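In the working numbering, the protein residues as written are 2 to 303.
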């Protein structure tokens with residue numbers, strides 16, 4: 002059974018409004034304001050009602066950012082995420098819960114499990130540029146400069162450990178002064194200590210070997226490459242932040258291309274944002290989103 006809820010993002014500087022739970026599960030943990038959908042209630046209606054009941058304010062303007070599904074130990078929750086743009090009234094705790102503006106990434110308070118996935122979701126760019134070079138290439142590095150404010154993944158396939166670390170350092174130094182998210186592959190991650198990065202990416206083979214929860218650092222994203230329904234189900238069980246689904250339009254290997262029809266069918270099965278990969282360019286973003294994708298990624302066409 003899936004429980005559906007709507008939550009509201011109310012931001013002040015770099016902090017978000019949270020309320021403290023007064024009952025189990027997750028007693029005394031902080032969560033975004035909101036709650037479960039009632040019978041025959043839409044997610045839009047639920048967020049309006051919940052914010053008024055919980056905080057005493059009437060929403061004037063809101064934007065639905067999206068939704069994700071989080072798997073708890075004995076519970077499946079679909080979370081509809083709304084940015085609260087404006088409201089009428091003064092925020093107060095009508096249900097006598099403690100409410101605080103907090104940043105979960107640097108707070109000592111306890112938060113419910115899905116919090117970090119929601120934070121990652123609302124800051125997730127729509128484009129991922131993939132760098133795949135056997136050695137440092139000034140052209141690729143300079144081309145990557147154009148994709149700041151987005152994501153850059155340094156692919157490890159075909160690279161020696163020394164070459165990968167060298168390129169990772171170079172790209173990290175550039176991106177550290179920009180609002181870029183550098184994603185590194187799991188393969189050499191233990192050798193990348195001291196390098197600033199924003200996420201760890203797993204291959205489809207690597208996620209097949211995972212037996213336990215991989216989220217050990219709340220400050221980074223966790224993602225994986227998927228090619229079929231089985232791998233998407235594994236990604237769902239791991240509560241990953243996003244996946245790359247390929248090949249959509251073209252393939253360098255023997256795998257047949259999915260096409261947008263199968264891409265849409267598979268994307269509907271994912272509990273997280275899906276990026277299209279394989280013969281994809283930046284111009285395909287609208288088509289991707291129209292087929293239940295979130296963003297686009299690529300190497301040669303980016």
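The beta-carbon is built from N, C-alpha and C at its ideal position, and this holds for glycine as well. Predicted model, so just to flag it, every value in this text is computed and none were measured.
Classify residue i as helix, strand or coil using the three-state DSSP reduction.
i, result
"residue 298", "strand"
"residue 288", "helix"
"residue 7", "strand"
"residue 68", "strand"
"residue 119", "helix"
"residue 109", "coil"
"residue 196", "coil"
"residue 215", "coil"
"residue 46", "helix"
Tell me the DSSP bridge mates of residue i?
i, result
"residue 185", "155, 201"
"residue 88", "60"
"residue 103", "17"
"residue 77", "3, 72"
"residue 130", "153, 299"
"residue 165", "Answer by DSSP bridge pairing: none, since residue 165 is not bridged."
"residue 82", "8, 67"
Can you have a look at residue i and say buried or exposed, based on whether 16 or more other CB atoms are within 10 angstroms of its CB?
i, result
"residue 63", "buried"
"residue 122", "buried"
"residue 61", "exposed"
"residue 118", "buried"
"residue 97", "exposed"
"residue 279", "buried"
"residue 2", "exposed"
"residue 296", "buried"
"residue 88", "buried"
"residue 213", "exposed"
Under the assumption that residue i contacts residue j (Cβ atoms under 8 Å), give the Cβ distance between them as a whole number of angstroms.
i, j, result
"residue 271", "residue 225", "Wrong, their Cβ atoms sit about 11 Å apart, outside the cutoff."
"residue 47", "residue 56", "Their Cβ separation, rounded to whole angstroms, is 14 Å, which puts residue 47 and residue 56 out of contact at 8 Å."
Whole runs of the beta strand (DSSP E) within the segment 12-41, excluding any shorter than 3 residues:
With a minimum length of 3 residues, the continuous beta strand (DSSP E) runs that stay inside the segment 12-41 are 16-21, 35-37.
At what residue ranges does the segment 222-280 contain a whole run of the beta strand (DSSP E), taking only runs of 3 or more?
222-227, 243-246, 275-277
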